[in-house]
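Structure, as structure tokens:
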Amino acid sequence: MTRADLLSVADLGREGIVQVLHLADSFAEVSERPMPKVPALRGRTVATVFFEASTRTRLSFEAAAKRLSADTMTFTPATSSLTKGESMRDTVETLDAMGVDAMVVRHASAGAPEQISRWVRAGVVNAGDGQHEHPTQALLDCFTLREALAAREGRAPADDLSGARIAIVGDVRHSRVARSGVLAFRALGAELVLVGPPTLLPPDTASWGVGIAHDLDEVLADVDVVYVLRLQVERIRECLLPSLHEYSARFGLTRDRAARLRPDVLVMHPGPMVRGLEIDAEVASSPRSLVTRQVHNGVAVRMAVLFRLLAREVAS
Amino acid sequence: MNVPLEATRLCVRGGAVVDARGERRADVLIEAGRIVAVERTIDPPVGTSVLDASGCVVAPGLVDLHTHLREPGSEDAETIDSGARAAALGGYTAVVAMPNTEPPIDSAAAVRAVLALAAGACAEVAVAGAITVGRAGDQLAPFAEMAALGVRVFTDDGRGVQHAGVMRRALEYARPLGIVLAQHCEDEQLAAGGYMHEGAWSSRLGVPGQPAIAEEAMLARDIALVRLTGSPMHFLHLSSAGSVELVRAARAAGLPVTAEATPHHLSLTDAELCGYDPVFKVNPPLRTSDDVLAVRSGVLDGTIGAIATDHAPHPRESKEEPLDTAPPGMIGLETALAVAYGALCLGGDAGAGPASGSGGEIGAGAPTWLAAPPMRRASLVELFAALSWVPARIAGLDAPARPGFSTTGGHGGPIAPGAVAHLCVFDPTVRWTVSVSRGASRSTNTPFASRDLVGRVRHTLRAGEAVVVDAEPQR
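Encoded structure:
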């Protein structure tokens, strides 16, 4: 593909990830300015095309586009012709015909951004597709973790996460955040273990290059980062879990568990959090928690992704 | 070549005749719809039209146990007329139309309506009736009334009969009627809404998986019910290695069970879904290369007696929906013989591998059969057995027509004097590219679009009428 679409973290590879991190370093600096705006994408139009509801990711992308001086358009299905029976293809081709340069797409069905990328001229960024991937989440997680590890060790941020041991805890099976996270963290050299009951872990992960564990306490003795995933209540109805109480007791990052962690162990969560279920309220707000940094860094990382997607045309 | 439709005397010259009796070089002389002579060389009488078959296989017309013709109800996707033409282009002289139309074929009146529509079609259209009223799975459809109209195969295809008690009673009630119940094996609770094979690829792609056990559990249940009731049963579109094992054991135990597999399950894997193209969404789903090899071996040893297309047309717009809502199904009538020939006789992977997608570094890898030990290759007799005379026998289409029916019967050979001239003339050497715009089907959802296949149907004769000549439909 000639466009630098971002459909999967696999599209970037290690080199592409590092490129995004370096760009994000520059844009993070822009975000600290009193007037946090650069003219890099002036005259370009970025449309957020969210077939599935979301606020934080959409706002983060819109903030990123605006700080790059791009024009933004917002598509939401509730107020669109989708309610009149218009197809996904006609919807995106209509937007494309208006002269959109980039579409930031979220959809409840895995692969929808890839399908759309085959129909439109605009560049496509996957902002979360079903249970498949959420690449910009993984990139902002890498950015945040790299920043925190550097601060912990009193050095400049490195280009890899070699040696970092990360436990991803919870509903990995249904998590697009986890799928992108595994690809990105592994590409940067981190060691990964996925922790949860077998019903919440994906089958046949032999080729993923990750460890699998079912006992959180055993794992916690030996990790640098605990990445807690959101748990959705419908997993009980689907018989994947007996109760929220049992889940919390076995796999929640409770205050007791957090108290047993080494002081330098970091805690991450992609949001939205259910405090008291998968993560204790105090733990989520403790100094070891990177949750707020993740949200903060999301804007700079998404600026980097949009810039990378559209910069070639800007340069010409 | 121009063969007038009214030609009553026709000679198929220069081919190798293949039927249940074997393979031999022979010309075939046809008069008034029947074969009158099969000899090494025939010097046809003056006024005989000649169809060239040099270098070709002359086989009995193919019989498809599993065709969705969509009429009535979804004529935008296919009609009986267009589907029958696609069948003829694929070498088929008879197809069994599935009853999951709108309304479904679950009454004598519905059977009569479809048979009336099928009267002028260019392939014989037999009708399958539903097992339960409305295919809803809880009340038996009137088997005997439909059987009295010639219906031989009954199925709720598109869904399996979920309730074991209903299936037991259906088998018991059917036993004296000389019919066969055909099951779409899918335990809906185990399938749990999954729409691709549950395995390494579904995990990587984040697509809800449908495990092979959803098929195997219902198959095992039904084999037990066949043992209990003694009624014959046919298993539709088997797709997993475990299913092949179950049927192999049941047949070894002498149970009256038969099975079919589709050309796509003989040739494609779940890796095809890597680009999220709904054209590759099908039910049962494409599975692993190990399953593909097991299904091939099941055909080779006769466990799976029939190859059936599960030709399932869908309009373009529905195959452009997101993967979760796009309907499952692929068309297959026009490519079935070439795909099965490639998979079984040439040992190939039926064209190019999957297009590049977001497989990424943790993808499940390329199909492994290229590295697998070579499997015995099927003979042409074995290939056409699975595509013609075995399915003809299962559907009762081998028998001569009963008076008063629009059907002609007599499908599946043998190619011998006195037999009805249903013939498929197949050129096994020609390489062609599948073009969606040139097909006779109203739909284009073939997984083989733009891929190269080896072997093509050249002529199709239905009861002596050349309905396809040189790969062109004659009406």
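Read top to bottom, the protein sequences are chains A and B. If you're matching positions, the first sequence starts at 353 in the working numbering and goes up one per residue. If you're matching positions, the second sequence starts at 8 in the working numbering and goes up one per residue. Note that CB positions come from ideal geometry on N, CA and C, so glycine has one too.
Exercise. Within the 8 Å Cβ cut-off, does Glu586/A reach chain B?
Worked result: At a cut-off of 8 Å between beta-carbon atoms, Glu586/A makes no contact with chain B.
For this session: List the endpoints of the continuous beta strand (DSSP E) containing Ala399/A.
Result: 397-402
Exercise. Which ranges would you report for the beta strand (DSSP E) in the region 157-211 of chain B if only whole runs of at least 3 residues count?
Worked result: 160-162, 187-190
Problem set entry | Spatially closest choice to Ser450/B from His75/B, Val140/B, Tyr283/B, by CA coordinates | His75/B
Exercise. With C-beta atoms as the reference, is Ser559/A less than 8 Å away from Ala207/B?
Worked result: yes
For this session: Give me the Cα-Cα distance between Ala573/A and Pro550/A, rounded to the nearest whole angstrom.
Result: 21 Å
Exercise. What is the DSSP secondary structure of Phe433/B, counted as helix, strand or coil?
Worked result: Residue state, collapsed to three classes: strand.
Exercise. Apart from the five residues just before and just after Asp194/B, which ones in its own chain have a Cβ nearer than 6 Å to its Cβ?
Worked result: Ala221, Ala224, Met225
Problem set entry | Residue from Val585/A, Glu570/A, Val372/A with nearest C-alpha to Val578/A | Scanning Val585/A, Glu570/A, Val372/A for the CA closest to the CA of Val578/A turns up Glu570/A.
For this session: Use the C-beta contact count for His429/B: other C-beta atoms within 10 angstroms, 16 or more gives buried, fewer gives exposed.
Result: buried
Problem set entry | Neighbour-count burial assignment, Glu438/A, 16 or more Cβ in a 10 Å radius | exposed
Exercise. In whole angstroms, what separates the C-alpha of Pro407/B from that of Thr332/B?
Worked result: Going from the Cα of Pro407/B to the Cα of Thr332/B covers about 44 Å.
For this session: Taking only the alpha-carbon atoms, compute the straight-line gap between Val575/A and Ile564/A and give it to the nearest angstrom.
Result: Spanning the alpha carbons of Val575/A and Ile564/A requires a straight line of approximately 14 Å.
Problem set entry | Backbone secondary structure at Met425/A - three-state DSSP | Met425/A falls in the strand class under three-state DSSP.
Exercise. Can you list the residues of chain B that Ser439/A reaches, using a CB-CB cut of under 8 Å?
Worked result: The answer, in chain order, is Glu324, Glu327, Glu328.
Problem set entry | C-beta neighbour in chain E for Tyr283/B, strict 8 Å | Of the chains in the structure shown, none is chain E; the protein chains are A and B.
Exercise. Hey, Leu344/B and Phe433/B: beta-carbon distance below 8 Å or not?
Worked result: yes
Problem set entry | is_contact[His484/A, chain B] using C-beta, thresh 8 Å | yes
Problem set entry | Boundaries of the alpha helix (DSSP H) in which Arg410/A is found, first to last residue | It spans 408-419 - the alpha helix (DSSP H) in which Arg410/A sits, taken as one unbroken run.
Exercise. Taking 8 Å as the CB-CB cut-off, is Leu184/B touching chain A?
Worked result: False, the Cβ-Cβ gap to chain A never drops below 8 Å.
Exercise. In this structure, does DSSP put Gly282/B in helix, strand or coil?
Worked result: helix
Exercise. Any C-beta of chain B sitting closer than 8 Å to the C-beta of Glu466/A?
Worked result: Chain B contact via Cβ: present.
Exercise. Three-state secondary structure (DSSP) at Arg303/B?
Worked result: Three-state DSSP puts Arg303/B in a helix.
For this session: Just the chain B side, please: which residues come within less than 7 Å of Asp512/A by C-beta, in chain order?
Result: The premise fails here: Asp512/A is roughly 15 Å from chain B at the closest Cβ pair, so nothing lies under 7 Å.
Problem set entry | Buried versus exposed, by CB contacts within 10 Å (16 or more), Val45/B | buried
For this session: Let me know the secondary structure DSSP gives Asn452/B once reduced to three states.
Result: Coil.
Problem set entry | Assigned exposure category for Asp608/A - 16 Cβ within 10 Å defines buried | The residue is exposed, with fewer than 16 neighbouring Cβ atoms inside 10 Å.
Exercise. Quick one: any contact between the region 300-308 of chain B and the region 260-278 of chain B, if contact means 3 or more CB pairs under 8 Å?
Worked result: yes
Exercise. If you measure beta-carbon to beta-carbon, which residues of the region 191-207 of chain B are closer than 7 Å to chain A?
Worked result: Those would be Glu205, Gly206, Ala207, in chain order.
Exercise. Closest to Val653/A by CA distance: which of Leu359/A, Ala356/A, Ile631/A, Ile369/A is it?
Worked result: Ile369/A
Exercise. Counting along the chain, where does the alpha helix (DSSP H) carrying Pro486/B start and finish?
Worked result: With chain B running from 8 to 482 in the structure shown, residue 486/B is simply not present.
Exercise. Can you tell me the Cα-Cα spacing of Ala542/A and Leu364/A, whole angstroms?
Worked result: 17 Å
Problem set entry | Nearest-angstrom beta carbon gap, Val65/B and Ala402/B [assumed within contact, 8 Å] | In fact, because the Cβ distance is near 22 Å, the residues do not count as touching under 8 Å.
For this session: Only counting runs of 4 or more residues, tell me where the alpha helix (DSSP H) segments fall wholly within the region 420-472 of chain A, in order along the chain.
Result: DSSP runs (the alpha helix (DSSP H)) wholly in the region 420-472 of chain A: 440-449, 464-469.
Exercise. Taking the DSSP output, what are the residues bridged to Pro639/A?
Worked result: Per DSSP, none; premise fails for Pro639/A.
Exercise. Which residues, in chain order, does the region 365-385 of chain A contribute to contact with chain B at a C-beta distance below 9 Å?
Worked result: Gly365
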